[in-house]
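Under the numbering used here, the sequence shown is numbered contiguously, ending at residue 173.
To start, the structure under review is shown below, and the notes come after it.
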Amino acid sequence: MISGRGSNMKAILENTELGTLKGICKVEAILSNKKDAKGLEIARNFGVQPIVIESKGKKRKTYNSLLLEYLQKLNPDYIILAGYMKIISPEIIEEFSNRIINIHPADTDLHQGLHGYEWAFENSLKSTKITVHYVDEGLDTGIVIGKREVDLSDCETLAEVEKKGLKIEHQFYSECLRKIFNR
Ligand code: GAR
-9 MISGRGSNMK AILENTELGT LKGICKVEAI LSNKKDAKGL EIARNFGVQP IVIESKGKKR
51 KTYNSLLLEY LQKLNPDYII LAGYMKIISP EIIEEFSNRI INIHPADTDL HQGLHGYEWA
111 FENSLKSTKI TVHYVDEGLD TGIVIGKREV DLSDCETLAE VEKKGLKIEH QFYSECLRKI
171 FNR
């Protein structure tokens, strides 16, 4: 599930075709809550027709029940959040308990919510961590699957921090998924 750029989704699709996830899993569907998400075009280029369930302009309850209905029909083994920027409703979490996974661009013990790289940059951190975790009802409070350090000692701008972090995200997410799917 995505909301925007889709670079983590792209890395997962690539790794499913050729990399660490080859023969391990299949991307059944790509879902966006935004009709103009950049990642939609990437999905199409990989031969996956993405589904859009637009959240904008809908009451939260209406959006969440449409999403739940779609997910129940699809019934995926796992739901992978890749830059999906909405809170998952308690009903969806209950239905797919321990089957929803997220990547967070910070150490979830130290920073929750949005703007993980901005937080690292503004606090002049010499290193930060990427966290892959199960999603529970809290904000970035679910059980941690893995954390990976990112050295920021040579980064002078926010763009550099983000570039370095994303490079690690793209490898590390698939490594964590491989570990889970191989169990
Ligand atoms: C990534 O940095 C991801 O870790 C972060 O959003 C970015 C999405 O980029 N996710 C969160 O902040 C979730 N709280 P992408 O669309 O290029 O994968």
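Every residue, glycine too, gets a C-beta built ideally from N, C-alpha and C.
Regarding residue i and ligand 1, is the C-beta to nearest heavy atom distance less than 6 Å?
i	result
G136	no
I93	yes
N(-2)	yes
A110	no
Q(-6)	Contrary to the premise, residue -6 reads as Gly rather than Gln in this sequence. The answer is yes for G(-6).
A149	no
G128	no
A33	no
G73	yes
For residue i and residue j, which I take to be in contact (beta-carbon distance under 8 Å), what is that distance rounded to the nearest angstrom?
i	j	result
N248	S(-7)	Residue coverage of the chain in this structure runs from -9 to 173, which leaves residue 248 outside it and unanswerable.
K116	S143	5 Å
S114	I2	Actually they are not in contact, since the Cβ atoms of S114 and I2 sit about 32 Å apart, beyond 8 Å.
I133	I170	At roughly 11 Å, the Cβ-Cβ gap does not stay under 8 Å, so I133 and I170 are not in contact.
M(-9)	I69	6 Å
L58	E85	7 Å
Y107	L148	6 Å
Helix, strand or coil for residue i, going by three-state DSSP, please let me know.
i	result
V151	helix
E136	In the sequence as presented, Glu is not what sits at residue 136; that position holds Gly. Strand.
T121	strand
L71	strand
N65	coil
N23	coil
N92	strand
I82	helix
I14	coil
I2	helix
I41	strand
I170	helix
I32	helix
Do residue j and residue i count as a contact pair if the criterion is CB distance below 7 Å?
i	j	result
N5	G73	no
C166	V125	no
E44	K25	yes
L64	A19	yes
K153	V140	no
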